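According to this note's numbering, the residues represented by the sequence shown are 1142 to 1257, in order.
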Amino acid sequence: MRCVGLCALLLAQQVAAQEVAVGDGALLRWLDKASGATTDIELRNGATTDFGQLTVTLSECRYPVSDPASNAFAHLSIGRAGGDAVFDGWMIASSPALSALDDPRYDIWVLRCIKE
1142 MRCVGLCALL
1152 LAQQVAAQEV
1162 AVGDGALLRW
1172 LDKASGATTD
1182 IELRNGATTD
1192 FGQLTVTLSE
1202 CRYPVSDPAS
1212 NAFAHLSIGR
1222 AGGDAVFDGW
1232 MIASSPALSA
1242 LDDPRYDIWV
1252 LRCIKE
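Encoded structure:
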């Protein structure tokens, strides 16, 4: 058993962290489930916008340096007009269902970061 553990330790490779860059903002897509209408919104880091009954604040958008066109992830704070928080966390463009907004009427997801 010790031999197996030692072999696994010797053969294990160090996991390299992916190098990321910070974008100037993010391109988000909104869906109104009641009407079926979609809207693309550009939001800058630190900016807030209203959509229907929701208020969305983008803290930061990051993307892998090796693949800037996809795999963006953005930190969003989403609340209702009354101030109740609905979502606060990172959304990932390549896996929108992994960390999704849970709202009966609206859906919001990240498409990509904006860089200028």
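Backbone N, C-alpha and C define an ideal beta-carbon position, used for all residues, glycine too.
Remember, it's a predicted structure, so these values are computed and weren't measured experimentally.
If you follow the beta strand (DSSP E) that Ala1234 is in, where does it begin and where does it stop? Position 93 of the sequence shown, counted from the first residue, corresponds to residue 1234. From DSSP, Ala1234 is part of no beta strand (DSSP E); its letter is neither H nor E.
How long is the line joining the alpha carbons of Ile1255 and Gly1187, rounded to whole angstroms? Locating residue 1255 in the sequence shown gives position 114, where the first residue counts as 1. Locating residue 1187 in the sequence shown gives position 46, where the first residue counts as 1. Their Cα atoms are separated by approximately 13 Å.
Bridge partners for Arg1203 per DSSP, in chain order? Here residue 1203 is taken as the residue at index 62 of the sequence shown, counted from 1. Answer is Val1163 and Phe1214, bridged to Arg1203.
Sequence-distant residues of the same chain with beta carbon closer than 8 Å to Asn1212, five excluded per side: Sequence index remark: in the sequence shown, residue 1212 carries index 71 (1-based). Tyr1204, Pro1205, Ile1233, Ala1234 and Ser1235, listed in sequence order.
Opposite Asp1244 in the DSSP bridges: which residues? Here the question's residue 1244 lines up with position 103 in the sequence shown. Per DSSP, none; premise fails for Asp1244.
Ala1153 - DSSP class collapsed to helix/strand/coil: Numbered from 1 along the sequence shown, position 12 holds the residue referred to as residue 1153. With a pLDDT of 48 at Ala1153, under the threshold of 50, the modelled position of this residue cannot be trusted; read the value that follows with caution. In the structure shown, Ala1153 adopts coil according to DSSP, grouped into three states.
Three-state secondary structure (DSSP) at Val1251? Taking the first residue of the sequence shown as position 1, residue 1251 is located at position 110. DSSP, reduced to helix, strand and coil, places Val1251 within a strand of the structure shown.
Just how far apart, CA to CA, sit Gly1223 and Val1163? Looking up residue 1223 in the sequence shown gives position 82. Looking up residue 1163 in the sequence shown gives position 22. Distance between the alpha carbons of Gly1223 and Val1163 is about 31 Å.
Looking at the structure shown, is Ala1226 part of a helix, part of a strand, or coil, going by DSSP? Locating residue 1226 in the sequence shown gives position 85, counting from the first residue. Strand.
Express the C-alpha separation of Asp1248 and Gln1154 in angstroms, rounding to a whole number. In the sequence shown, the residue the question calls residue 1154 occupies position 13. In the sequence shown, the residue the question calls residue 1248 occupies position 107. Residue placement at Gln1154 is poorly supported in this model, since its pLDDT is 48, which falls under 50; the coordinates are not used for a value here.
Do you know offhand how far Thr1180's Cα is from Pro1209's? The residue labelled residue 1180 in the question sits at position 39 within the sequence shown. The residue labelled residue 1209 in the question sits at position 68 within the sequence shown. In this structure, the straight-line span from the alpha carbon of Thr1180 to that of Pro1209 is close to 22 Å.
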